[in-house]
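The opening residue of the sequence shown carries number 54 in this note's numbering; numbering runs sequentially from there.
Quick reminder that beta carbons are idealized off the backbone N, C-alpha and C, glycines included.
All figures in this text were calculated on a predicted structure; none of them were measured in a lab.
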Amino acid sequence: PRVLLTGGSGFIATHVLEILLARGHSVVTTVRSEQKAQAILQSHPELQKDRLDCIIVKDIGQANAFDKAVVSEPPFDAVVHTASPYHFNAKDAKELLDPAIIGTTGILISVQKYAPSVNRVVVTSSFAAINNIYAQSKHKVYSEADWCPITEEQANDSPANAYRASKTFAERAAWDFMEKEKPSFDLTVINPPLVLGPIAHRLASLSALNTSNERIRDFITGASKSRCPPTGNYGYVDVRDLALAHVLAIEKPEAGGKRFFTVSSHFSNKEIAEIIGQEFPEFRDRLPTGEALAPGDYPADGVYDFDNSRSREILGLKFRTLKESVVDSVHSLLAVEPEI
Ligand code: NDP
């Protein structure tokens, strides 16, 4: 099968690309610049253009951005849409909402118009589109049945809310499109919580690290020594398991029309710090302890639970442990900056 992968320069997409190639798919991936295209092509000098190619899509927030990218010879069988901004620096919610929503609806519209051979589109959504941050309860078990209730007004309350809203509204727009347009392809949505694990994309320095691995970087640099950051959401998944979920989502017909809450298990920032302390004694002095570590613990009265049975049963996913994710993340960060 031939696959269009959007945002191929990203943390998660780099792993998706590797697994697609390893399983024999041919891939075209969208990137924002020629420089990023060259870096991806150079990481696979053994592959001809018919197995791996790049196409530039500068801004997914523009209407019709994907019109050219969805057309290929031979034509695509599937699309994996991962590109979407993930950061907490937005000054205005629109900075995240436009690329998320217009990007997601845009790729669906372009496929419908210009890529009739595509039979499955997979979209990377988030636990952010599931999690009800306004009414947490230790009795709650989150699953694909849940939706984040965030409103347009609340999107402007904080940069974190802008991100939550961008993922929630983009995913809703995708399902609404499917219901209204009834296109010839079907849709699968992947909803990961916090994604940890080794970085495989090329980074000049750790200051350009993707958002979800920043907490591990900040432990090993000592940036969190005086105060462990609060954990936020308490679910994680390893990037390698998540990437495989994206690929299985295009390979398994029965994944069509469904969301998959790809959560491995619980984690807290305190547990991450403890794993780093046990496995990397050279960083022990940089880690928070005692009072400084406490804010990274679970809430004293308990925390919500997760149901990942759909991902295990339909996709056949198995999940890596937190220890494996954290240890491999640290090794990959040290490979970028050995003198960290
Ligand atoms: P990255 O920041 O590494 O990847 C984001 C990708 O989107 C990059 O390829 C980036 O391009 C691209 N992108 C962002 N904005 C635009 C734009 N306006 N136009 C074109 N491309 C754009 O983060 P992740 O790999 O972690 O995120 C990938 C997906 O996974 C996102 O949809 C994110 O919401 C979702 N997700 C991530 C989680 C996590 O913990 N990491 C958790 C839940 C969901 P460039 O490289 O040029 O910046």
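Helix, strand or coil at residue i [DSSP, three-state]
| i | result |
| --- | --- |
| H97 | coil |
| D106 | strand |
| F372 | coil |
| Y216 | helix |
| H254 | coil |
| H319 | strand |
| L297 | helix |
| A116 | coil |
| V56 | strand |
| R312 | strand |
| S211 | coil |
| L386 | helix |
| L262 | coil |
| I243 | strand |
| S79 | strand |
| V84 | strand |
| G355 | coil |
| D199 | coil |
| A66 | helix |
| L74 | helix |
| V380 | helix |
| D291 | strand |
| A131 | strand |
| L346 | helix |
Check whether residue i and residue j have beta carbons under 8 angstroms apart
| i | j | result |
| --- | --- | --- |
| W200 | I186 | no |
| P54 | D130 | yes |
| I303 | V176 | no |
| N266 | S382 | yes |
| P212 | N142 | yes |
| V300 | I72 | yes |
| F230 | L161 | yes |
| V69 | A227 | no |
| E197 | R312 | yes |
| Y289 | S317 | yes |
| C281 | A326 | yes |
| I367 | K305 | yes |
| A181 | R217 | yes |
| G349 | P283 | yes |
| L346 | K376 | no |
| A136 | I108 | no |
| L249 | S378 | yes |
| L370 | A298 | yes |
| T83 | A116 | no |
| I329 | I273 | yes |
| Y357 | S190 | yes |
| N394 | F314 | Residue 394 lies beyond the stretch modelled for the chain, which goes from 54 to 393, so this question has no answer here. |
| S163 | D106 | no |
| H254 | G63 | yes |
| D294 | F372 | yes |
| I252 | L386 | yes |
| A276 | S219 | no |
| L74 | V81 | no |
Outcome for residue i when other beta-carbon atoms lying within 10 angstroms are tallied against a minimum of 16
| i | result |
| --- | --- |
| P169 | exposed |
| P334 | exposed |
| H78 | buried |
| R337 | exposed |
| V194 | exposed |
| A146 | buried |
| H192 | exposed |
| H140 | exposed |
| R339 | buried |
| T374 | exposed |
| A261 | exposed |
| P98 | exposed |
| S86 | exposed |
| P138 | buried |
Distance between beta carbons of residue j and residue i, contact taken as under 8 angstroms
| i | j | result |
| --- | --- | --- |
| G159 | A118 | 5 angstroms |
| I65 | V292 | 6 angstroms |
| G156 | D239 | That pair is no contact at about 19 angstroms. |
| L259 | R270 | 5 angstroms |
| Y167 | V110 | Wrong, their Cβ atoms sit about 14 angstroms apart, outside the cutoff. |
| T241 | R173 | 6 angstroms |
| Q165 | E232 | Between E232 and Q165 the Cβ distance is about 13 angstroms, and since that is not below 8 angstroms, they are no contact. |
| S279 | P341 | 7 angstroms |
Distance cut-off 7 angstroms: residue i Cβ against heavy atoms of the ligand COA
| i | result |
| --- | --- |
| A136 | Questions concerning the ligand COA fall outside what the structure shown contains, since the ligands it does hold are the ligand NDP. |
- [ ] Any chance you could list the alpha helix (DSSP H) runs of at least 4 consecutive residues sitting entirely within the stretch 139-192, in chain order?
- [x] 147-150, 156-167
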